[in-house]
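One structure is given here, and the rest of the page talks about it.
Number of protein chains: 2
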Amino acid sequence: MLGAWCLRRALRFCSSAPFPRHKPKAKLSVRDALGAQSTSGERVKVQGWVRSVRSQKEVLFLHVNDGSSLESLQVVADSSFDSRELVFGSSVEVQGQLVKSPSKRQNVELKAEKIEVIGKCDAKAFPIKYKERPTLEYIRQYPHLRCRTNVLGSILRVRSEATAAIHSFFRDNGFVNIHTPVITSNDCEGAGELFQVESSSKIKEPEENFFNVPAFLTVSGQLHLEVMSGAFTQVFTFGPTFRAENSQSRRHLAEFYMVEAEISFVESLQDLIQVMEELFKATTMMVLSNCPEDVELCHKFIAPGQKIRTYAKKQLFNVAAVDLLVPGVGELFGGSLREERYHFLEERLARSGLREVYQWYLDLRRFGSVPHGGFGMGFERYLQCILGVDNIKDVIPFPRFTHSCLL
Amino acid sequence: MLGAWCLRRALRFCSSAPFPRHKPKAKLSVRDALGAQSTSGERVKVQGWVRSVRSQKEVLFLHVNDGSSLESLQVVADSSFDSRELVFGSSVEVQGQLVKSPSKRQNVELKAEKIEVIGKCDAKAFPIKYKERPTLEYIRQYPHLRCRTNVLGSILRVRSEATAAIHSFFRDNGFVNIHTPVITSNDCEGAGELFQVESSSKIKEPEENFFNVPAFLTVSGQLHLEVMSGAFTQVFTFGPTFRAENSQSRRHLAEFYMVEAEISFVESLQDLIQVMEELFKATTMMVLSNCPEDVELCHKFIAPGQKIRTYAKKQLFNVAAVDLLVPGVGELFGGSLREERYHFLEERLARSGLREVYQWYLDLRRFGSVPHGGFGMGFERYLQCILGVDNIKDVIPFPRFTHSCLL
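Residue numbers (the working numbering), protein chains in the order written: chain A, 1 to 407; chain B, 408 to 814.
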């Protein structure tokens, strides 16, 4: 294995590159500081943003958050520290000793020896006033700042964790990850409106397409996954999907994320349902294990009246398709067995006048066709479902919908 | 923690759903069959596609591949099996006993008791003749079939593995994954050509935009990551990126993948370089550990003359930016420290007449600004680099470039 050996050697060389390894020995994230087991006066450095300041006669309490967890780290300083710039929102670097906290509200706190304000904050001008408990709707106006609130912080951490869980689930189960294309020339499959794509310099000369043909933003990776399931048996994709629907409802986005899987040699819908179920369970268990406080915040403050509803309400019809509908959220999963028989498919395509354009799709049934099927899961709807978030615009970092494309 | 408790209960309910758990006890992937430790005559079922058939007087040898590994499973049958439909490319289900192979070429083989042809293959019409060793350029004409060749199979398995490794690397290092938007109204940052996006029903009425403003496909998630680094300290994104460059070179795609990271509180370029290095090393080590045969195939057959070149050739300039250039591939990494000072940035934006449009970007420097920086890694270029693949179109499942958007 000469090639791999060379690559390994190159990596070793890479690690001895002439840059001093910057090892900030005592630099800790807030999450790691909060979880520290030994608090025997270890000297550490923590960086983050001030969430609150409370000044008593001889003591100054700061809460510092760096986004690594919902909880902030309590910093205790003596009142000799100049606190004028230590206001809400300013960024700070605190050095000191991690000690056991006398309070029951936290296990550890940071006894400050040095506090440096890195960036001031014009707190009066900051449009989101935490104490006024702004609504999700209100903070939606500030897509560049709302991520600094507790609730959006929690939602986006859960989103990140769920993303990692989905990748792990498929990898652990032998699926190959396929990056299905965003730009596609398939235009006939979607029922809804499509987005068309053109080079901005050519958009005024419609007869000349950048790709020679009209090109669109994908509405589903299914056909591309079907290609790949004929080589890898089990494949998935997880990426952005688009609908140019003229809807500002709380259920629709123009750009949203879908998890799609395609499996060869499936024998029945049950095979698909099992994978859907296991995906849902594995992802949710990982989120619950790793972000319990974030999930709890959402359940408490976002949907106080909303009890967790039945997640397993399945609607099975007597056809080769299954949908999982969740009350208040809509269709979460949709799956079906695909037509694998050449002649049936050929006839159907011919009837729609698509025989020629989809010869490649027919080819898949000409060269070792297999029974196969797949499903899609709307990722934002999944997040709404487990977190109880009412509006889909609040579970995606930068929502895009008709009349709105902020930032 | 009532909410989470309810959710857990719902999951338990979910697992007792009234569907029989389909446990195909003896169904094995080819990879698992090849790796089986115990071969004491265990009865198993393997499904896949016939890669080769060799018929001897009393024995029939089949090689069956299901895409789970480069290597195929050898199936041994007695010549009483009807082999007329057992041709290259047909899909089969084989039941039998997994036994130790007498040959040194493989550890185990499957002694067939039953072979079922699931889908025939019109082998003469199949446009890729394996024995003729078709070139990568030739098979590029068949994006729906080339994934069934050894070489594309290996490349796409490595791509999948590298993707998983990148997600793991960032998660293990405390980065939050942000899905930066594909559609954006920022149009001024890119030097190159942009793709514009419009609802296909509105494309003929340019005065009416779906999003009210002209919208484009992203050329970088940097600005959106800068927003998020002000909340989560360490963030990354990994997704499709677009350039409407009129280039058919072996180095450019209209749709390609980028890994981008943004880090708050960085002190110098070294901090960024360290992360880039560790990302490269961790990802490559994971690929080498988990897909050694796939990497080896690429090194042997794709770039026989090409020795692994120096990967660590760094070009450091005396400015706050770093690029990593790889011979034959181009820029692999690009990173820089960002301007975090309000007044400097304001002046620069005002000079370009962008002061108002980018007030949100200025805001990030008004409310607790921090020194920060980030980098991007071209994912296809990374794959080219570790696999020695010359043309970027061969390391992405469905390449898009000027004049071409197949499937």
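Backbone N, C-alpha and C fix where the C-beta goes; we use that ideal spot for every residue, glycine too. None of the values given here were measured: they were computed from a predicted structure.
Going along the chain, which residues of its own chain have a beta-carbon closer than 7 angstroms to the beta-carbon of residue i, five neighbours each way excluded?
| i | result |
| --- | --- |
| A:G153 | G67, L70, C147 |
| B:N697 | E568 |
| A:N65 | V30, G48, W49, R51, S72 |
| A:F216 | T184, D187, L194, F195, Q196, V197 |
| B:P806 | L660, K800 |
| A:H299 | G388 |
On the premise that residue j lies in contact with residue i, defined as a C-beta separation below 8 angstroms, what is that separation, rounded to the nearest angstrom?
| i | j | result |
| --- | --- | --- |
| A:E137 | A:Q97 | Between A:Q97 and A:E137 the Cβ distance is about 43 angstroms, and since that is not below 8 angstroms, they are no contact. |
| A:L110 | A:V75 | 5 angstroms |
| A:I183 | A:V235 | With 8 angstroms as the limit, A:I183 and A:V235 do not qualify as a contact, their Cβ atoms being about 20 angstroms apart. |
| A:L407 | B:N593 | 7 angstroms |
| B:S497 | B:G526 | 6 angstroms |
| A:V99 | A:V108 | 7 angstroms |
At 8 angstroms on the CB atoms, spell out the chain A contacts of residue i, in chain order.
| i | result |
| --- | --- |
| B:M635 | C147, L156, P397 |
| B:L771 | H144 |
| B:S459 | Going along chain A, no residue has its Cβ under 8 angstroms from B:S459, so there is no contact; the nearest lies around 14 angstroms. |
| B:E600 | S199, S200, S201 |
| B:L505 | Neighbours of B:L505 on chain A: none; closest Cβ ~18 angstroms, over 8 angstroms. |
| B:S592 | C405, L406, L407 |
| B:I546 | By Cβ distance, chain A contributes nothing, its closest Cβ being about 12 angstroms from B:I546, past 8 angstroms. |
To which residues of the same chain is residue i closer than 6 angstroms at the C-beta, ignoring the five residues directly before and after it?
| i | result |
| --- | --- |
| B:E520 | Q502, G503 |
| B:V694 | V565, E568, A569 |
| A:G328 | none |
| B:V558 | none |
| B:K434 | K452 |
| B:A572 | T690, M693 |
| B:F639 | V583 |
Taking all protein chains shown into account, decide if residue i is buried (16 or more other Cβ within 10 angstroms of its Cβ) or exposed.
| i | result |
| --- | --- |
| B:Y718 | Any answer about B:Y718 is weak, because its pLDDT of 44 lies below 50 and its placement is not dependable; what the coordinates show is given next. Burial call: buried. |
| A:Q222 | buried |
| B:G741 | buried |
| B:L469 | buried |
| A:E347 | exposed |
| B:A757 | exposed |
| B:D579 | exposed |
| A:L279 | buried |
| A:V295 | buried |
| A:R414 | Nothing can be reported for residue 414 of chain A, as the shown portion of chain A is limited to 1 through 407. |
| A:L297 | buried |
| B:F751 | exposed |
| A:H403 | exposed |
| B:P804 | buried |
| A:T237 | buried |
| B:G775 | buried |
| B:V733 | buried |
| A:E277 | buried |
| B:S627 | buried |
| B:S447 | exposed |
| B:E819 | With chain B represented from 408 up to 814, any question about residue 819 of chain B goes unanswered, as that position is not in the structure. |
| B:V777 | buried |
In chain order, what residues of the same chain have a beta carbon less than 8 angstroms from the beta carbon of residue i, not counting five sequence neighbours either side?
| i | result |
| --- | --- |
| B:E600 | R650, A651, E652, N653 |
| B:V802 | I562, R566, E787, L790, Q791, L794, V796 |
| A:S79 | S55, Q56, K57, E58, V59, L60 |
| B:F808 | S654, Q655, H659, L660, A661, K800 |
| A:F88 | V50, R51, S52, V53, C121, A123, F126, Y130 |
| B:F445 | Strictly speaking, residue 445 of chain B in this sequence is Ser, with Phe absent from that position. Result list for B:S445: empty, nothing under 8 angstroms. |
Mind pulling the chain B residues with CB within less than 9 angstroms of residue i?
| i | result |
| --- | --- |
| A:L62 | Simply none; closest approach about 13 angstroms. |
| A:I115 | Near A:I115 there are no residues of chain B at all, since even the closest Cβ is about 14 angstroms away, more than 9 angstroms. |
| A:F211 | A661, R807, F808, T809, H810, S811, C812 |
Can you pull the chain A residues whose beta carbon is under 7 angstroms from the beta carbon of residue i, in chain order?
| i | result |
| --- | --- |
| B:P734 | Residues of chain A passing the Cβ test: none, with the nearest at roughly 13 angstroms. |
| B:F782 | Those do not exist, as B:F782 stays about 14 angstroms from chain A at its closest Cβ, beyond 7 angstroms. |
| B:S475 | G174, T233 |
| B:D529 | R366, F367 |
In chain B, which residues lie with their C-beta within 8 angstroms of the C-beta of residue i?
| i | result |
| --- | --- |
| A:H179 | R566, T570, P647, Y664, I803, P804 |
| A:H343 | Neighbours of A:H343 on chain B: none; closest Cβ ~12 angstroms, over 8 angstroms. |
| A:H224 | P804, F805, L814 |
Quick one: list the residues of chain B neighbouring residue i, beta-carbon separation under 7 angstroms, in chain order.
| i | result |
| --- | --- |
| A:G89 | F774, G775 |
| A:H167 | A571, H574 |
| A:Q47 | F672 |
query = For the 8 angstroms Cβ check, are there 3 or more pairs between the segment 218-236 of chain A and the segment 382-400 of chain A?
reply = No, because fewer than three Cβ pairs between the segment 218-236 of chain A and the segment 382-400 of chain A fall closer than 8 angstroms, the two stretches do not touch.
query = Within the chosen definition, does the segment 775-784 of chain B reach the segment 742-757 of chain B through at least 3 CB pairs nearer than 8 angstroms?
reply = Enough Cβ pairs lie closer than 8 angstroms, so yes.
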